[in-house]
Amino acid sequence: MAQRRPSKRIKGGAMQAFSNLVGGLNASATDFYDVKNPATLDVVAQAPISTVDALDDAVAAANAAATGTWANDLLARKAMLAQCADRIESGSEELANLLSLEQGKPLAAARAEIAIAVRLIRHYAQKDAHKETLRRRESDYVDVVRAPIGTVGLIVPWNYPITILMMKLAPALWAGNTVVIKPAPSTPLTTLKLCAQLADILPAGVVNTITGEGNIGQALVEHAGIRKVSFTGSTPTGIRVMSSAAATLKRLTLELGGNDAAIVCHDANVDAIAPRIFANAFTNAGQLCCAIKRLYVHRSLFDQMVEKLTEIAGNWRVGPGLDPATQMGPLNNAAQRDHVRALLDDALTHGGTIHVGGDSLGEYAGYFLKPAIVSGVSDESRLVKEEQFGPALPVLPFDTVDEAIERANASEFGLGGSVWSTDVSAAAEAASRLEAVNLYVNQHAVPPDPELPFGGMKTSGFGYEMGEWGCDDFSIRKVLNVSMGVA
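All letters in the sequence shown, in the order written, are residues 1 to 487 by the UniProt record's numbering.
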């Protein structure tokens, strides 16, 4: 096995510089950028700025590894995936600390994210191939034959960089593909460390990384050596990805923005569900594609729900991720903080009331906003129509469930939605009428389950991750026609 060079220390040896992984080795780089802790703005480490030549090297390494045993031996791949799960688990504390530093989330949440990644990859280490027969007669039969796509580009966002990476990486490797991974510029470090660990187990070139800003991501999407792109991010960026991929007719999975609505019916128990609704809205400082972003509450429960959510928000402990008392960290970057603050200012301008939160933490330099509960806004408010992707929740009254469903569906997004009621059957029927792919009753935004597909509709994207549908999206399905007679 080739020996990797250790990570560099530059700037007089004071700052660690991480390396990309290409062909099983640390890739050389001349330019680096600072990755900062969003709570303190201290520099955590430096990441390389990949060039187009570096991308070419990564794709070439992936293409070279995409044939032979790796592509054709599922049992060997499963055994290696099991080793990868063990390796990640054994180093989970170091990974979680690094993730908390670069992303901002509480250490407990970072630990949970690494644990989810282990669970996902371990699932695929145990997964057998799904055999499918389309037709079987005495004269002939038709089977489905599955093959890997080839080299796949994985573009991962900054909110859950390891969970979302593994939602893509684990099924892609299980299906026999090789990958080039592009993490978000603000959260590359944990990904680079994790991939370096996997390089000790996987054949050289199966996993490769590139880092930098959107220009290198666009070059990855446009690269002729990439056969599929799986992208998670904003809808505007997803549109650009789709446009850039068109010239080479790449397969695409796009998991884009969301503006999930939750509907609280007249018979709901506010005291019981308010803490769960709050958690589903404000986990990861609201930086979750399928978080509750619009809360519709029956008018008879509206004041009670606003009061309860305001009480919870006022007692929520906000601070740096490594502080054991912290329940919610900062937003990951200044642009996202400024976007959420602008939506709150717009709500105030148009008659809304911020019952609690929305202000920063004066004792820290980072991108903090306290969780905000907002009422008095209309469905046309920016805070309701746009995806805030941050710690601000608009609460809106309704009179009938039909009205609430109609208002929830009046959105360009279609990622998730939920209905909360003591009448589970009626709630399930109502939830099925929501124009979204991921539907919930008395819960919302459950942790990723490798057995269940996850995807979107409308401007929330298309394609699936996880489940059999997700495996299909990382495979070529061929139709094998066999005649039983003699020509």
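Glycine included, C-beta positions come from ideal geometry on N, C-alpha and C.
Excluding sequence positions up to five away, which residues of its chain have a Cβ less than 6 Å from the Cβ of residue i?
i      : result
VAL52  : ALA219
SER230 : LEU154, LYS168 and THR253
ALA147 : ILE476
VAL43  : ASP34 and LYS36
ASP327 : Here the sequence assigns Gln to residue 327, which means Asp is not the residue at that position. Answer for GLN327: TRP316 and ARG317, listed in chain order.
VAL145 : LYS478 and LEU480
Can you check DSSP and say which residues form a bridge with residue i?
i      : result
VAL446 : Paired residues: none, contrary to the question.
PRO48  : PHE32
ARG298 : As written in the sequence, residue 298 is His, which differs from the Arg given in the question. PHE398, per the DSSP bridge assignment.
PRO148 : SER475
ILE373 : VAL356 and LEU393
ILE181 : LEU154 and THR209
ASN438 : GLY416
MET328 : VAL318
Among the residues of its own chain, which have a CB less than 7 Å from the CB of residue i, if the five just before and after it don't count?
i           : result
residue 504 : Only positions 1 to 487 of the chain appear in this structure, which leaves residue 504 out of reach.
GLY467      : GLU451, LEU452 and PRO453
MET80       : ILE201 and LEU202
ARG251      : ILE149, ARG227 and LYS228
HIS298      : VAL264, CYS265, HIS266 and PHE398
ALA224      : THR248
ALA428      : VAL441
Which class does residue i belong to by DSSP, given the choice of helix, strand or coil?
i      : result
GLU213 : coil
TYR367 : coil
ASP73  : coil
TRP420 : strand
SER139 : coil
VAL401 : helix
HIS355 : strand
THR40  : coil
ASN63  : helix
ARG251 : strand
THR459 : coil
Going by C-alpha to C-alpha distance, which of the options sits closest to residue i?
i           : options                           : result
ARG477      : ALA108, ARG122, ASP34 and THR133  : THR133
ALA108      : ASP323, PRO157, GLU386 and PRO161 : ASP323
TYR160      : GLY23, PRO106, ALA246 and ILE210  : PRO106
VAL340      : HIS223, ALA279 and ALA285         : ALA285
TYR33       : SER19, ASP42 and ILE49            : ILE49
ALA76       : GLU102, ALA29 and TYR124          : TYR124
ASN333      : PHE389, LEU295, HIS223 and ARG111 : PHE389
VAL22       : ASN72, ARG111, ILE181 and ASP140  : ILE181
SER100      : ILE162, ARG135 and VAL384         : ILE162
ALA60       : ALA204, GLN287 and LYS193         : ALA204
GLY257      : LYS385, GLY68, ASN97 and VAL179   : LYS385
residue 575 : ALA66, TYR141, TRP174 and ASN20   : The structure shown does not extend to residue 575, since the chain spans only 1 to 487, so no value can be given for it.
THR353      : ALA110, GLY366 and ILE373         : ILE373
What does a CB cutoff of less than 8 Å around residue i pick up in its chain, not counting 5 residues either side in sequence?
i      : result
LYS370 : ALA313, TRP316, VAL318, VAL356, GLY357, GLY358, ASP359, SER360, LEU361 and PRO391
ALA85  : VAL118, ILE121, ARG122 and ALA125
ILE405 : ILE263, ALA430, ARG433 and LEU434
ASP57  : VAL22, GLY23 and ALA27
ARG136 : VAL142
MET292 : What sits at residue 292 in the sequence shown is Ile, not Met. Taken in chain order, the residues that qualify are ASP260, ALA261, ALA262, ILE277, ASN280, ALA281, LEU393, SER418, HIS444 and ALA445.
* Asked: In chain order, which continuous runs of the alpha helix (DSSP H) of length 4 or greater are located wholly inside the stretch 69 to 123?
  -> 69 to 72, 74 to 90 and 92 to 103
* Asked: Where are the beta strand (DSSP E) runs, 3 residues long or more, that stay fully inside the stretch 254 to 294, in chain order?
  -> 260 to 264
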